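Enquirer: Once you've had a glance at the structure underneath, I'll fire off some questions.
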Amino acid sequence: MILSLLFAGIKEIEKPSRYWFNLRKLFVVLSLAAVFILIPFVMEQWRSRNLVKTIRSHGGQVQFGHGNCIYGICSIPHPKLAEFTGAIGSISIANSEDYPVNDAFIDSLGKQPHLYGLTLGNKENPTQLTDRGLAALTKYPLIQLGVTGGSITDAGCNVLGNLTTLKTLMLHDLSFTGEQFDCAPKLKNLNFLYLSDVKITDSGMENLASLPGLSYFDIDNTQFERDALRHLSKLKKLSSLRLRNSKIEPDTLKHLAGLKTLNYLTLKGKWVNDEHVRQLANLTQLKVLSLNSTQVADQGLIPLLNMKSLDSLSLTNSHITDEGLRHLTRLESLSRLGLSYTQISDQSKEFLLKIPKLVEVSVYNTKLSAATIQSLRDSGINVFTEKTPDISD
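Note that my numbering gives residue 1308 to position 273 of the sequence shown, counting from 1, and the numbers run on in steps of one.
Shown next as structure tokens:
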């Protein structure tokens, strides 16, 4: 009897002992699992920190997003802690001899699940990217991509169709014609396209006009075939078009009449004259028109009288004189006017005061006297006599 009670007591003592043994075993297993899970994370953070340090030491810029989100709730780290706890959100860097922006650079970025913006190269320091490097970029959830220079081909650009998150695309100084840009219909979120120093063919413009959501199209220092603009009428959401430093025959601008949603238009360059402006008479829905740094003169303002909704007109560095402003007195919606670097004088005051809704005018580097400027201000017009940003730039 006594022995049986003794053995029973020993068994009762063994139970807690086994319990604590099993608990310690579970703790060790969990600890090992945590180490194996954390090692890749720590290594990736270390790699990212080194990447950031290298990019910044070569004149590049890196911005961080928070990236630490659970069920839609994100923690926002302190700016000083961002590079330790945040995720790389955007990178901007130009090419250099000791740190080339090439395909190997793209490979060095590693896993960046929150990388939404990339600006690679500039006019002075273009990239050395090839089609392979561009293809490697498509693994990132990019919203904005800018590439200047490199040996990327027309066919190579088709991989951009895999970037379904892309909203802004900027291509500069590339052998891009658009002829093989068959992926355009796939880029449903792309609403801003900026092309400069490229050559667009007629069929290339037709492909670009297949971008379903394009709202802003900026073309700078770019050659394209004579009637290529006719394809733009397919862009049903286009609200802003900039044609800068790109030689265009006047009569080809007639194709813009089909852009019923166009509100903002820029024509810039020495090739733009009164004949070009005459082709814009049917764009009655325009709200903003910039004709800066052009050959447009007084007679070129007459076609603008059809633009009943025109709110802002910039004529900076054009051939406008006092007499040309006489035509603008009939623009009932005009509230902002840019006249810097023009030939206007104190005689323009009479016409400026007759523009019904004018509230703002820039007259930097003109012949307007201090007395005339003050008189305009006393009349309620905000007169800018300092150099102001060009709305077409």
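Here a beta-carbon is modelled for each residue, glycine too, at the ideal position from N, C-alpha and C. In this text the structure is predicted, and so the values were computed from the model without any measurement.
What does the alpha-carbon distance come out to for the pair Ser1414 and Ala1316?
Expert: 31 Å
Enquirer: Mind reading off the beta-carbon distance from Thr1183 to Asn1157? Whole number of angstroms is fine, and I expect it under 8 Å.
Expert: Yes, they are in contact, since the Cβ atoms of Thr1183 and Asn1157 sit about 5 Å apart, within 8 Å.
Enquirer: Assign Ser1349 to one of two classes, buried (16 or more other C-beta atoms within 10 Å of its C-beta) or exposed (fewer than that).
Expert: buried
Enquirer: Mind reading off the beta-carbon distance from Leu1150 to Leu1180? Whole number of angstroms is fine, and I expect it under 8 Å.
Expert: Contact flag wrong, Cβ pair sits at about 10 Å.
Enquirer: From what residue to what residue does the alpha helix (DSSP H) around Phe1140 run?
Expert: Its alpha helix (DSSP H) spans residues Asp1138 to Ser1143.
Enquirer: With 16 as the cutoff for other CB atoms within 10 Å, does Val1394 come out buried or exposed?
Expert: exposed
Enquirer: Helix, strand or coil for Ser1394, going by three-state DSSP, please let me know.
Expert: Before going further, note that residue 1394 is Val rather than Ser in the sequence given. If DSSP states are grouped into helix, strand and coil, Val1394 belongs with coil.
Enquirer: Could you tell me the boundaries of the alpha helix (DSSP H) in which Asp1430 lies?
Expert: The chain is shown only over 1036 to 1428; residue 1430 falls outside these bounds and no answer can be derived.
Enquirer: Answer yes if the stretch 1341-1361 comes into contact with the stretch 1313-1333, meaning at least three C-beta pairs across the two stretches below 8 Å, and no otherwise.
Expert: yes
Enquirer: Please report the residue range of the beta strand (DSSP E) in which Asn1417 lies.
Expert: Asn1417 to Phe1419
Enquirer: Quick one: give me the first and last residue of the beta strand (DSSP E) that Arg1361 is part of.
Expert: First-last for Arg1361: Asp1357 to Leu1363, but that is the alpha helix (DSSP H), not the beta strand (DSSP E).
Enquirer: How many Å lie between Leu1144 and Gly1095 at the Cα?
Expert: Rounded to whole angstroms, Leu1144 to Gly1095 spans 14 Å at the Cα level.
Enquirer: Taking the alpha-carbon positions, what's the Thr1257 to Lys1234 distance?
Expert: 6 Å
Enquirer: Starting from Leu1204, trace the alpha helix (DSSP H) in both directions and tell me its first and last residue.
Expert: Unbroken run through Leu1204 is the beta strand (DSSP E), Thr1203 to His1207; no alpha helix (DSSP H).
Enquirer: So Asp1309 and Ala1332 are supposed to be a Cβ contact under 8 Å. How far apart are they, rounded?
Expert: 6 Å
Enquirer: Where does Glu1367 land, buried or exposed, given buried means 16+ other C-beta within 10 angstroms?
Expert: Exposed.
Enquirer: Pull the bridge partners of Thr1301 from the DSSP assignment, please.
Expert: Arg1277 and Ser1325
Enquirer: Please check the pair Leu1318 and Met1342, which I expect to be a contact at CB under 8 Å, by giving their CB distance rounded to whole angstroms.
Expert: 7 Å
Enquirer: Measure the Cβ-Cβ separation of Trp1306 and Lys1282 and say whether it is below 9 Å.
Expert: yes
Enquirer: Might you give, ordered along the chain, the residues of its own chain that have their beta carbon closer than 6 Å to the beta carbon of Ile1254, omitting 5 neighbours on each side?
Expert: Leu1230, Leu1278 and Ser1281
Enquirer: Closer than 6 Å by C-beta to His1266: which residues in its own chain qualify, once you throw out the five before and the five after it? Chain order, please.
Expert: Met1240, Glu1241 and Ala1244
Enquirer: By the DSSP assignment, the beta strand (DSSP E) with Ala1122 in it spans what residues?
Expert: Ala1122 to Ile1128
Enquirer: Could you tell me whether the Cβ atoms of Leu1246 and Leu1270 are closer together than 9 Å?
Expert: In this structure, Leu1246 lies near Leu1270, with their beta-carbon atoms less than 9 Å apart.
Enquirer: Counting only the same chain and skipping the five closest in sequence on each side, list residues whose C-beta sits under 7 Å from that of Gln1314.
Expert: Taken in chain order, the residues that qualify are Pro1285, Asp1286, Leu1288 and Lys1289.
Enquirer: Thinking just about the alpha-carbon of each residue, which of Arg1412, Val1398 and Ser1404 is nearest to the one in Glu1421?
Expert: Val1398
Enquirer: Taking the continuous beta strand (DSSP E) assigned at Arg1371, which residues delimit it?
Expert: Where Arg1371 is concerned, the enclosing beta strand (DSSP E) stretches over Arg1371 to Gly1373.
Enquirer: Run the CB neighbour count on Pro1148, radius 10 Å, all protein chains shown included, and call it buried at 16 or more, exposed below.
Expert: exposed
Enquirer: Along the alpha helix (DSSP H) that carries Ser1347, what are the first and last residues, could you check?
Expert: Ser1347 -> not in any alpha helix (DSSP H); beta strand (DSSP E) instead, spanning Ser1347 to Ser1349.
Enquirer: Quick check on DSSP: helix, strand or coil for Gln1098?
Expert: strand
Enquirer: Identify, in the order they occur along the chain, each residue of the same chain with its Cβ nearer than 7 Å to the Cβ of Gly1293, setting aside the five sequence neighbours on each side.
Expert: Ser1268
Enquirer: Taking 9 Å as the threshold (C-beta atoms), are Ile1337 and His1362 in contact?
Expert: yes
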